[in-house]
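Asker:
Now the structure itself:
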């Protein structure tokens, strides 16, 4: 409340006048308010005045004065409260307009400019990472305690841990609350993806983006994927962290748009020869720890690190809390959008918690709840109008079921289109229908068993173990390598081992550039397009044509690095002829060690080729006469024994059928009454030279 000096002075004057009316200047009581007279020595004493009456009158005057003063003070208090309310509403309006950080208006006054209770506040939304939150708050508080003089970096921080453990979410939550407390001017974070600058040709782009990030709004600059950045640019970042500035190899100017441009040989005033951190927090994200950072940047950079903050794998109780949090948000979303009240027990919570996979982390929980919402949305879309009611979720035989208003339970995810279900059985049947290749099928089906067991271990709170699924397919032409690769991509998606399931088929021309500096970006773009799926490289041995093939070797190096960086989100399958692939892997031992699954595709037997021919014919709407079987078996047997590599295996069966169909068409022109779907022995062309 504001102190009104004038009102206080007026109150003091009124009180003094009142007291002087009751008491004289010497403290004597006056009667009737008349001036006191000095008594004569020899007169008889006069009658005493009615002091009670006088005091009562003065008390009434005093009460009236106090009442008026209280009324005035109350009006001032109401005005103050109204001003505070208007100020708070103005802050909320500024928050809504993006001029202030969210939560500024609701931050208690005692927390403004203080870290007190900040970690506990962040832990209310960032669950299961209490130790990491404490480390992160300590890292952000460090420059406030130690003091840092701009333009040096406030602090250099490494944030490490698995994907899906809340690293980015925790930083965003903390930045928002720091901005609300006035500890940061803004909660904005500039992000620099260092994988966009893999080779020296990207130097100007790197410097422009770095300068823009350091001069962007906010006080936090995030660096992602330093492992994929050109080593020459990492020195610039190391200088920013360790020395407080980084020299530029040439002089630059800042144009009107704030973009750094090369000044060339001109002596323009205001040219820039150094880049400063601008007093920002420099935060590096990585799945790896301090040692990997030292291997890349050197010990000088690591020594400049103020803090290393690492997320931990979620404990079972933390996953349960996260699942409960996600289900609570889902319940609110269902009530708001679908007008349904969601009910789910502990078994549903545990089902959602089990969706935390090694590849996705806690993001798998959010994905599961989103899938539940889409399934319930499909149910509502089948109705003419949205009907209020209660939907109950339950778990039966490892899958989610739902019931509306006490009705009969039904499988929840059956409501989703087939594209979302994965179609495991359909892909498995398609694989089983392939002729032969039993060792290959056994391996592929074994992957499903491994994924299922790891999910059960996660649900039980046990550690899970990833499985390297990179493969090498070797074998002669036509043995089904490409066909199996396509089915493997679909099958891994169906069983939940891959999030995408796409198959990207490439060869040397898609990976190897035409000039220096072109190969690495080209290969990285192909890798990025295959993330979440399978990258299939046919005739992989063509990537390297000897020690002098620098472009091919660069493609292999980039591929190996990409496999390491995305080992949980990418499956690479190399395919080629047996002899060539053996020579290729012998020349690249580092590559061979990253492919633990080398599968040899055997040549087809004559009987298997016969079965393939009949299957192909049936698919095209034809049938083979019984008289065709013996000559075809004899033909296939002789060709395979002579040279199965040049014979073509499955391709030979397809080519043989296509030639038979061609000859049958010519025969049917002369025999219009003959069956249109029957292939006779005379239609076969079994020349050894074809």
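Numbering (my numbering), first residue to last: 1 to 690. Just so it is clear, CB atoms sit at the ideal spot from N, CA and C, and this is done for glycine as well. Remember, it's a predicted structure, so these values are computed and weren't measured experimentally.
Can you list, in chain order, the stretches of the alpha helix (DSSP H) that have 4 or more residues and sit fully within the region 507-581?
Answerer: Within the region 507-581, the complete alpha helix (DSSP H) runs of at least 4 residues are 508-511, 519-530 and 550-565.
Asker: According to DSSP, is residue 439 part of a helix, a strand, or is it coil?
Answerer: Three-state DSSP puts residue 439 in a helix.
Asker: Quick one: using the 10 Å Cβ neighbour count with 16 as the cut-off for buried, is residue 554 buried or exposed?
Answerer: When all chains shown are included, residue 554 counts as buried.
Asker: Less than 8 Å between the CB atoms is what I'm expecting for residue 183 and residue 113, so what's the real figure, rounded?
Answerer: With a Cβ gap of about 7 Å, residue 183 and residue 113 count as contacting.
Asker: May I ask you to list the residues that DSSP assigns as paired with residue 598?
Answerer: Answer is 472, bridged to residue 598.
Asker: Relative to the alpha-carbon of residue 244, which residue among 220, 224 and 276 has its alpha-carbon at the smallest distance?
Answerer: Considering only alpha carbons, the answer is 276.
Asker: Give the straight-line distance between the Cα atoms of residue 157 and residue 139, rounded to the nearest whole angstrom.
Answerer: Between residue 157 and residue 139, the C-alpha separation is close to 7 Å.
Asker: For residue 388 versus residue 339, is the C-beta spacing smaller than 8 Å?
Answerer: Taking 8 Å as the Cβ cut-off, residue 388 and residue 339 qualify as a contacting pair.
Asker: Quick check on DSSP: helix, strand or coil for residue 162?
Answerer: In the structure shown, residue 162 sits in coil (DSSP, three-state: anything other than H, G, I, E or B).
Asker: Tell me, which residues are paired with residue 369 by DSSP?
Answerer: Note: residue 369 sits in no beta bridge, so no partner.
Asker: Go ahead and pull the three-state DSSP assignment for residue 288.
Answerer: In this structure, residue 288 counts as coil in the three-state DSSP scheme.
Asker: Around the Cβ of residue 372, are there at least 16 other Cβ atoms within 10 angstroms (buried) or fewer (exposed)?
Answerer: Flag for residue 372 reads buried.
Asker: Assuming residue 115 and residue 148 make a contact with CB atoms under 8 Å, what is their CB distance in whole Å?
Answerer: Between residue 148 and residue 115 the Cβ distance is about 16 Å, and since that is not below 8 Å, they are no contact.
Asker: Tell me whether the beta-carbon of residue 165 lies closer than 8 Å to the beta-carbon of residue 311.
Answerer: Yes; because the gap between Cβ atoms is below 8 Å, this pair is in contact.
Asker: Spatial neighbours of residue 531 within its chain, please: C-beta separation below 8 Å, excluding the five flanking residues on both sides.
Answerer: Answer for residue 531: 500, 566, 569 and 570, listed in chain order.
Asker: If you follow the alpha helix (DSSP H) that residue 665 is part of, which residue opens it and which one closes it?
Answerer: Counting along the chain, the alpha helix (DSSP H) containing residue 665 begins and ends at 650-670.
Asker: Would you kindly work out how many angstroms separate the C-alpha atoms of residue 207 and residue 174, rounded to a whole number?
Answerer: Distance between the alpha carbons of residue 207 and residue 174 is about 29 Å.
Asker: Can you check whether the CB of residue 506 is closer than 8 Å to the CB of residue 556?
Answerer: No, these two residues do not count as a Cβ contact at 8 Å.
Asker: Let me make sure I understand the geometry here. Which of 606, 615 and 215 has the alpha-carbon closest to that of residue 637?
Answerer: Taking only the C-alpha atoms, the option nearest residue 637 is 606.
Asker: In or out: residue 32 buried (at least 16 other Cβ within 10 Å) or exposed?
Answerer: With a pLDDT of only 46 at residue 32, under the threshold of 50, the placement of this residue in the model should not be trusted, and no figure is reported.
Asker: Rounded C-beta distance between residue 674 and residue 668? I'm assuming under 8 Å.
Answerer: Contact flag correct, Cβ pair sits at about 6 Å.
Asker: When burial is assigned at 16 or more other CB atoms within 10 Å of the CB, is residue 610 buried or exposed?
Answerer: The residue is buried, with at least 16 neighbouring Cβ atoms inside 10 Å.
Asker: Give every residue of the same chain whose Cβ lies closer than 6 Å to the Cβ of residue 188, excluding the five residues on either side of it in the sequence, and list them in chain order.
Answerer: The answer, listed in chain order, is 217 and 218.
Asker: Using a C-beta cutoff of 8 Å, does residue 230 count as contacting chain B?
Answerer: Among the protein chains of the structure shown there is no chain B, as only one such chain exists.
Asker: How would you write the range of the alpha helix (DSSP H) that residue 615 sits in, first residue to last?
Answerer: First-last of the alpha helix (DSSP H) with residue 615: 606-620.
Asker: Where DSSP assigns a beta bridge to residue 491, which residues make up the other side?
Answerer: Bridge partners of residue 491: none, in fact.
Asker: Let me know if residue 259 comes out buried or exposed under the rule of 16 or more other beta-carbons within 10 Å of its beta-carbon.
Answerer: The residue in question, residue 259, is exposed, as its Cβ has fewer than 16 Cβ neighbours within 10 Å.
Asker: Within 10 Å of its beta-carbon, does residue 133 have 16 or more other beta-carbons around it, so buried, or fewer, so exposed?
Answerer: Burial call: buried.
Asker: Which same chain residues end up closer than 7 Å to residue 521 when comparing Cβ atoms and leaving out the 5 residues on each side of it in sequence?
Answerer: So the list reads 198 and 199, once near-sequence residues are dropped.
Asker: Specify the secondary structure class of residue 318 as computed by DSSP and reduced to three states.
Answerer: Helix at residue 318.
Asker: Let me check understanding here. Comparing Cα to Cα, which of 468, 355 and 614 lies closest to residue 398?
Answerer: Residue 355 is the option with its Cα nearest to residue 398.
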